[in-house]
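Accompanying notes for the structure given below.
Chains as they are written, first to last, in UniProt numbering: chain P, 1 to 321; chain Z, 1 to 321; chain X, 1 to 321; chain R, 1 to 321; chain U, 1 to 321.
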C-alpha cells in the first residue's frame, strides 16, 4: 500500500506526485523523490523496481521480510534492512523496514508494523537546511527514528531487571524470579539481534570510503553508530546481569534449602528425643522403680521437656532455628 | 555415477554430451559444460580430473568426503565443499557435495545424499539471462540450493525449543526437558559445523579481489553470505538459549526439591508431635492422674489433634504445604 | 553555569575573559581559551556553539548527558565524553563530562557532578613548559584527572573482594557473601562501562595519524591509554574472580548442606534405634521373660545406650558427626 | 642417534651418505640432503648445526624438547616443531619432532617417540614427480604424516563421548560419567595444544609471501592447514559437548536426588502415620472404650492399614513412588 | 641504590665507572653503559634521567611501580616494565623491574625484589660474541632472565593441580579441594597478568619495523615471545582445568549427598518399620490373641527382624546401602 510519494528540491517539498510520474522527477538534477510503502504488493514493488532500477535480490529481501538487519550496496543504490521493535500492549512488535536509497530517491518498505514514519517526514520538512543534504539525510532520519524506538525497550528491561534484583534475595521468590529472568533474557536476545548485525556494518557509512549518498551526512551516521553501540552495550550488560542473576538465584535456592534442612533436622531431633524417652518409660519391665514413685510422672515430663529444651537452645544458638 | 553432462552457451542449453566429448566443447569460447556426479567412482574422477585439469588434493577431498566446508582456489579453478543437511524421517541427512568451477566448466560431486540438484539445473535453464553469467552463476545456484535446505532445520529447532520452553517451568518435566535440550544442542552443533566454516570464507567471493569465475555474480554471492550469516546467527541464538534453558532447568529442579523437602519436613513434624504425645501417655508410671479421668482419652485425642492442626495451620501459612 | 573562562598564551595565563570576548582572543595566534561549564544551560551552549563553531550533534550529546564514553572528531574539533565515577558516602557518583577541543580552545561541560576540575587548571598553570603544548595538553590533563579518580574505586573493590574471600569458606556466611558478590559485580560493571569504550578509542590519540591538537602530546595520551588498560585489566580480573567466587560459594553451600544432611542422618539413626528397642520392650506379649528379670530394666537401658553409643562411635569415625 | 642420511637429486635418491660428506653434497645444485635423527646427542646436533649453519636458538629448542608447536624462519631456514601424539596401550604418546628445512637440506630430530618416519621417506621416494619440488615437499610429507596420526585420536574421543552420552541419562551412572568426562576433557586439551598453535602459523606457508622452500608446494601446505582446521574444529566440538555433558550430568544427579527425596518422604509418611496411630492405642488411659471391643484390634489394624494404603495410593498417583 | 654501572665496548667490559662519568662514556661510539639500580631513590632517578635524557612519564612509572607490564618507545629509547614473579617460602614475590634501553645505554630499575640480575651480567660478559650486538642484547638477556623465572611457577601449579585432581573423586575431600582450587586460580591470575600484556606487545620487537636497538637481536626477541606464548598457553590451560575441576567437584558433592540421602532413607525405613510393628503389638486392646501365645514374642521379634532384613536386602540390591 502506497503511503505517500513526494518530490523534494533543495530541502523543500515540491509536490505529492503519482508513482507513474517518478521517472521525470528523478531526471531533474538536485531533485529527489521519497516514496513510502507499507506491506507492499508484488505489483508495487515490480513497478518501483523498474522506476529506480533496483536489484532483484534486494527486492526479494524487501518482499519476504524476516531478514537480518543489514546494509548493502548494489551499485550506487544503498539497501538497508532494519528491525522495528517496540513495546506494545500485546507484546513486542516484530516489524521490519527495508530502505532503498539512491542519489535521487528514497524508498521505504515497511512490513508487519503499525507504526509509520510520518513524523520523520514532518521533521525533515521542518529542517530544510538538513534536508538539503539529499537522500542521505532522509536515510539518516529514518534510521534514527527506528533506533530511537529501541531505547524505551532498554529502559523497560532495565527497570524489570531492577525489580527482579530487588526480589532476588527474598525467600520463596526463586521460582517467580527465574521465570521472569528467563523471559527477560529472551527479550534481550530479540533486541540484540535487531542491533548487533547493524552495528557491525554501520561503520561503512562514515569514516573511510563511504557510499556517495552518505558522503554529506557522515557525522550523522556516526551518531547512528554511537546510538547502536550504546544500545548494544546496554543489552550486553543486561544479558550479563541476567546470567549472574540466574546463578545467584540458584545459589539462593540452595541456601534456602540448606536452611530448611537444618530446621527440619533440629525439630526432628527434638521430637525424636521426646519419643525415645517416652518409649523407654513405656517399656513393660516389672522392675522399673521410678514408675512407682509419686513424682515419677512429673519427673519424666520434666526430663523430656528438659531434653527438648536443651536441644532447642543448642539449635537456636547454632542458628539452625 | 554420472547424473548428467550438458554444454551451455550464452545461457542456453546446447546439448547433452558424453563425457568423452567434454574436451572439444570446453575449447569453444563462451561455452561451458556442467557435469553432475553422484557417489563418483575413482575412474570417473580420474577421467574428469584429466578433462578439467583438476588438482590431485582437491580430487582426494572430493573422493573421501567428510571434509569440512571450504572454498579453495587451485589456480583458476575454484573448489567448494558443502555439507548437505536435511531432516529425514530417519534423522539428519549427513551428505556432502564437492563443486569444481572453472571458467568453462562446473563439476558437482555429491556423496551420501539422496537429494539431487536437478531442480537447480531446471531453474538455471529457465533463467537464461542469469545463466549467461557463466559457470559462476551455476556455482551460486548450487550453493543457494544447499543453503536453502538449512532453513527448515532452523525452523524445526526453533519450534522444538519453543515446545521445551513451554514445559520448562512445569513440575516433574525436568528429566524429559534436559534430554530434549541435550539432543537439540547436538543438532545445533551439527548445523553450526556445516555453516560457520563456510561463512568465514564466503567473503572471498565478493567485494575485493574475487576469483575470476565469480566476478560477474558478486551480488549473488553476497546474498549467499547473508543467508549463511542469518543461519549462523539463528544457530548461535538457539545454542545460547539452550545453555540458559539447561541452567534454568537445573534451578527448577532445585526449587522443586526444596519445596518437596519443606513439605516432607512439615508432615514429618506433624506426625512426630502426635507420636511424641501418644508416647508420653503410653508411659507406665503409676501416678499419672489424667489416665484415670473419664474424659482423659478424648482430651488426649484433642490435644494430639490440636497440636497437629496447629502445626498444619502454621505450615500452611508459611507456604510449606 | 560558567565556572571560568581564561585565555592562555605560550603556557602562561593571560586573563580571565568574559564569554563575549572569546572571539577576539581565539583569533590571536599561539593563544587559546579554556572554558569550564557546569550543568550548562541551553543558552550557554548555544552561545559557545556559535563562538567555537561546534557541531550540533556534539552539542546535543553534551546537553543530554547519559552518553557512552567516546572520542569523536568533528572536522578539526575533538569531542570527548567521559564518565565521572567516584565513591561518595551516598553511593557511586554518576556524573559525566563532555570536552570540546580545538586548536585554540578547550570547553569542558560537566553534568551531575560536584567534583570540579579547578585542581587541573591550577596544575596546568604551574607547569607552563607543558601547557605550552596548547589545548591538547589541557585535554590530557582533564582526562588524566578523570581517570585518576577511577583508581580508588578499583582499590575499594579489591579490598571488598578480599574481605569476601576471607569469608567464603566460613560456614553460614553464604547468603551474606552472595549478596555482597552480587553488589560488587554491579559496581564492577558500572566502572567497566566507564572505561572499556574509552580504551577502545584512545589509540586514535597517539601513534599513527592523530588529531592535530594531540600531535604534540602523544606520549601523554599513550600514558592515558596505559592507565585505562590497567583499570580495565583490574576490572576484568575482579569480574573473573567474582564469577569464580559465586561458583565456589555455591559449592560451599552444597558441601555444608551435605554435611548437615549427614549429621541429621546420624542423629536420626541414633534416636531411631533407641525408639525401636524401647518399642520392642513396650510390646504387651504375656510371655516376655526378660520383663520379669530383676536386672531386665538396667539391661534394657544398657542395650539402648550401647546401641546408641555404638552408632555414635561409628558415625564419629566416619566423620559424619 | 642417526637414523639415516640420504642425498636426492631431481626427486630421485642418489646415495646414503655419511654425515661428514654432507657439505660437498649440499654444494651441488638441484641436490638436497635429508637427515633423520632420533633423540639426538649434543655432539650430533653440534656437527649438523655446523654443516647446515643452523641458529643456536633453534638448536636449543630441538635439544630440550617440550616446546610448543611452532613454525619459525631463521634467515632462509625454516624451523618447525610439532607434537607427536598417538594412542598407545599405555596412554597417549607425548613425543616431539623438530624439523629444519633449507633450500638443500631437511633435518628432522625426533624426541621421546617410538614411531618413526621411514614410511614418509618411502612414500616420497615412490613419488619422484613430487619429490622433485625439493625440501619443501619433504617438509609437507613429514607434517602430513604427523597430523594424520591425530585423526584416530579424534575418532577415539568421539566414540568415547558417544559411549558416555549413551549412559548420561542412566540412573546411578553419574559418578562414572563425570570421571570419564573429566579424563576426556584432559585428553582433548592435550590434543588442542598440539594443534591450535600450529594452525595459527600454518597460514604463513601458503598464500601471500611464503618462505622460499615452500613456494612450490603451497597447495600442499594449504591442505595441511585444512587438516589442522578440521582437527581443531573437532576438538572444539568435543570440548563444548563435554562442558554441556558435565552440566547435564549434574542436572541428572539433582533430578535423581529429588526423586529419592520424594520416595523417602513418601515411605517416611506411611510408616509415621502407622506409628502414630499405634501410639495412640498404646496410651494407658483407663477409659478407652474401643480397647475393650471384641473387634477393636482388627479394626485398629484395618485403620492403620487403611491409612497407610491411602497414603500409598496418593503418593503413587503423584508419581512420588 | 646503585648496584653497578659498567661501560662495554665491542662486547667486552671496559670499566666500572661512577655515575657522574656516564656522559663521556656514552659519547664514545661503539661503547655502551649498563646501569643497574635497586629501589632507586628520586635523586638517583633524577640524575640518570638527565644523563640518558629519559621521558618524565617513563621515570614516573619506574618510580611508582605497580605498573602493568609494557613496552613503550619514547623517541629512540625503549621503556620496558616487567613483573618479577618467583615462588618464595612466604608466598609469591611481587616485584617489578623497569628497563630503559637506548643505543648506548641500558638502565634497569628493580623494585620490591630480592632477586638481582648479577647472573645476567656475568652470562653476558662470558658471551662477548653476543654482547657485541649492544644494548639490545642486554635487554634480551634481562627479559629472558625474568621470564625464565616464570617457568617454575607453572610447574608448581601444574603439580598442585595434578595433586588436586588425584583427590577430586575422593569422598569427603570436596571442601579441601575447592579451597585449593580457588587459591590456585588466584595464583594463575597473578601470573597471567604478568605475562599476557607483555605477550601482546613483544611482537613489536621482531618481524616488521622494530626499534633500532632491537634490530640486531630480532631472533632473540622472537624467542622471548615464544616463551611468553608458552607460559600464556600453560596458564590458560591451568585456568581452564580449574574451572572444569570446580564444576566437577560440585558434581561430586552433589553425587555424594545423593548417596548419603539414599543411605539415610534406607536406614530410616528399616528402623521405622521396626518401630511401627513394635507399636502395633504395644497397643492396649484386650482382645489381641497373639499376645497370649507362648511363642508370640519370638514370633514378633522374628517378624520385626524379618521385615528389617527384607528391607536391608532390597536396599542392598538397589545399591542404596
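Glycine residues also receive a C-beta, built at the ideal position from the N, C-alpha and C atoms.
No experiment lies behind these values; they were computed from the predicted model shown.
Check	Outcome
To the nearest angstrom, how far is it from the Cα of residue 259 of chain X to the Cα of residue 233 of chain X?	38 Å
Just to make sure I have the definition right: I need the residues of chain U whose C-beta is within less than 9 Å of the C-beta of residue 250 of chain X. Which are they?	250
Judging by CA-CA distance, which residue of P:187, P:188, P:186 and P:165 is the nearest neighbour of residue 177 of chain P?	P:165
So what's residue 108 of chain U in DSSP terms, helix, strand or just coil?	strand
I'd like to know if residue 320 of chain Z contacts chain R, where contact means its C-beta is closer than 8 Å to some C-beta of that chain.	no
Do you know offhand how far residue 197 of chain P's Cα is from residue 68 of chain P's?	7 Å
So what's residue 34 of chain P in DSSP terms, helix, strand or just coil?	strand
Closer than 8 Å, CB to CB, is residue 180 of chain P near chain Z or not?	no
Is there at least one Cβ from chain R nearer than 8 Å to residue 255 of chain U's Cβ?	yes
Of all the options U:223, U:190, U:194 and U:195, which has the alpha carbon lying nearest to the alpha carbon of residue 206 of chain U?	U:223
Output the boundary residues of the beta strand (DSSP E) element that contains residue 4 of chain X.	2-9
Residues of chain P with CB under 7 Å from residue 287 of chain Z, in chain order?	294, 296 and 297
Spatial neighbours of residue 55 of chain U within its chain, please: CB distance less than 6 Å, with the 5 preceding and 5 following residues excluded, ordered by chain position.	74
If residue 103 of chain X and residue 213 of chain X are in contact, beta carbons under 8 Å, what's the gap, nearest whole angstrom?	6 Å
Using DSSP bridges, identify the partner residues of residue 225 of chain R.	Paired residues: none, contrary to the question.
Quick check on the DSSP output: what are the complete alpha helix (DSSP H) runs of length 4 or more inside the stretch 161-219 of chain P, in order along the chain?	174-202
What is the DSSP secondary structure of residue 132 of chain X, counted as helix, strand or coil?	coil
Quick one: what's got a C-beta closer than 8 Å to residue 167 of chain X's C-beta in the same chain, skipping five residues either side?	173, 176 and 177
For the stretch 243-318 of chain U, which segments carrying the beta strand (DSSP E) assignment without a break, of at least 3 residues, lie completely within its bounds, in sequence order?	none
I'd like to know whether the C-beta of residue 274 of chain Z is nearer than 8 Å to at least one C-beta of chain R.	yes
If you pair each beta-carbon of the stretch 141-152 of chain Z with each one of the stretch 179-187 of chain Z, do three or more pairs fall below 8 Å?	no
Any C-beta of chain R within less than 7 Å: which residues of the stretch 42-61 of chain Z qualify?	55 and 57
Quick one: measure Cβ to Cβ for residue 199 of chain R and residue 237 of chain R, integer angstroms, because I've assumed they're closer than 8 Å.	With 8 Å as the limit, residue 199 of chain R and residue 237 of chain R do not qualify as a contact, their Cβ atoms being about 15 Å apart.
Could you check what DSSP says for residue 58 of chain P in three-state terms: helix, strand or coil?	helix
Would you say residue 172 of chain X faces chain U, with C-beta separation under 8 Å as the test?	no
Are the beta-carbon atoms belonging to residue 82 of chain R and residue 101 of chain R less than 8 Å from one another?	no
What in chain R is Cβ-close to residue 193 of chain Z, meaning under 8 Å?	233 and 237
Between residue 3 of chain P and the rest of its own chain, which residues show a CB-CB distance below 6 Å, the 5 nearest in sequence each way excluded?	36 and 38
Does DSSP put residue 73 of chain P in a helix, in a strand, or in coil?	strand
Would you report the Cα separation of residue 266 of chain P and residue 153 of chain U, rounded to the nearest angstrom?	48 Å
Is there a Cβ of chain Z sitting closer than 8 Å to that of residue 244 of chain P, yes or no?	no
May I have the straight-line CA-CA distance separating residue 159 of chain Z from residue 160 of chain R, to the nearest angstrom?	31 Å
Is there a Cβ of chain X sitting closer than 8 Å to that of residue 226 of chain P, yes or no?	yes
Reducing DSSP to helix, strand and coil, say where residue 144 of chain X ends up.	helix
Report all residues from its chain with a CB closer than 7 Å to the CB of residue 120 of chain Z; omit the five preceding and five following residues, and keep chain order.	141, 142 and 145
For residue 34 of chain U and chain X, any beta-carbon pair shorter than 8 Å?	no
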